[in-house]
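Presented below is the structure to which this report refers.
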């Protein structure tokens, strides 16, 4: 019951975040707003605002559409699988990826939530390698099946694409996995009765061998 509630909450929160992005884009189109001032411009003081606001702005409907499903799925499984650390991971990826872009990216206006999605994907991937429990591995497999191509988009491929946001988002996701990989408890492994009985039998057998061993040694000493 608790897991079902957490799943519904994760989808709801992700849907609300997506709704905000679509409201901003719709307002930009309907009212002719220019939201480029919210973008991130490297090494400019005014561009530092974009560290917080750039993921909210998208250059086209196609750009936003592509990020919509990635945010919905990756943010949902992050909240569901890592209920204690999800907000820390999300905050670190949001801010630190922006700082990396501001310090090292090309001189341009960088916008979009792609850095965020790459950060979430790489966190899920690396955290599952450290934890190796069924839940984290299952979540990683879902993420990798749908968005495994993100492992390639951290490198420069297309003109007009901020691969720097992808790269620093991914890097921050890896850092977050190192920091918070054990913040959430691993699911309890269910033990069946036959496993416990088998363990008891093994102990009994071990005791018998321990009891018999001195006797064997005593017999050997008599022979010598």
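Residue numbers (the UniProt record's numbering): 1 to 224. A virtual CB, placed ideally from N, CA and C, is assigned to each residue, including glycine.
Asked	Found
Backbone CA spacing between residue 12 and residue 138 [nearest angstrom]	21 angstroms
Residue(s) in a DSSP beta bridge with residue 40	110
Own chain partners of residue 88 with C-beta closer than 7 angstroms, once the 5 adjacent residues on each side are dropped	180
Three-state secondary structure assigned by DSSP to residue 152	coil
Helix, strand or coil at residue 161 according to DSSP, with G and I counted as helix	coil
Rounded Cβ spacing between residue 80 and residue 157 (contact assumed at less than 8 angstroms)	Residue 80 to residue 157, Cβ: 31 angstroms. No contact.
Outcome for residue 129 when other beta-carbon atoms lying within 10 angstroms are tallied against a minimum of 16	exposed
Length of the line joining the Cα atoms of residue 151 and residue 34	32 angstroms
Buried/exposed call for residue 187, threshold 16 Cβ in 10 Å	exposed
Stretch-stretch touch, CB-based, cutoff 8 angstroms, three pairs: the segment 88-103 with the segment 139-149	no
CB-CB length for residue 117 against residue 74, believed under 8 angstroms	6 angstroms
Residue 54 and residue 40 closer than 8 angstroms at C-beta	yes
Euclidean distance between Cα positions of residue 120 and residue 107	25 angstroms
Residue 71 burial status per 10 Å Cβ neighbour count (16 or more: buried)	buried
Start-to-end residues for the alpha helix (DSSP H) that takes in residue 48	It is not in any alpha helix (DSSP H) - residue 48 carries neither H nor E in the DSSP assignment.
Short Cβ contact (8 angstroms threshold) for residue 177 with residue 127	yes
Beta-carbon proximity check, residue 164 vs residue 69, cutoff 8 angstroms	no
Buried or exposed (CB count within 10 angstroms, at least 16 for buried), residue 132	exposed
Buried or exposed (CB count within 10 angstroms, at least 16 for buried), residue 167	buried
Same chain, Cβ closer than 6 angstroms to residue 78, neighbours up to 5 away in sequence not counted	86 and 120
Endpoints, alpha helix (DSSP H) assigned at residue 75	61-81
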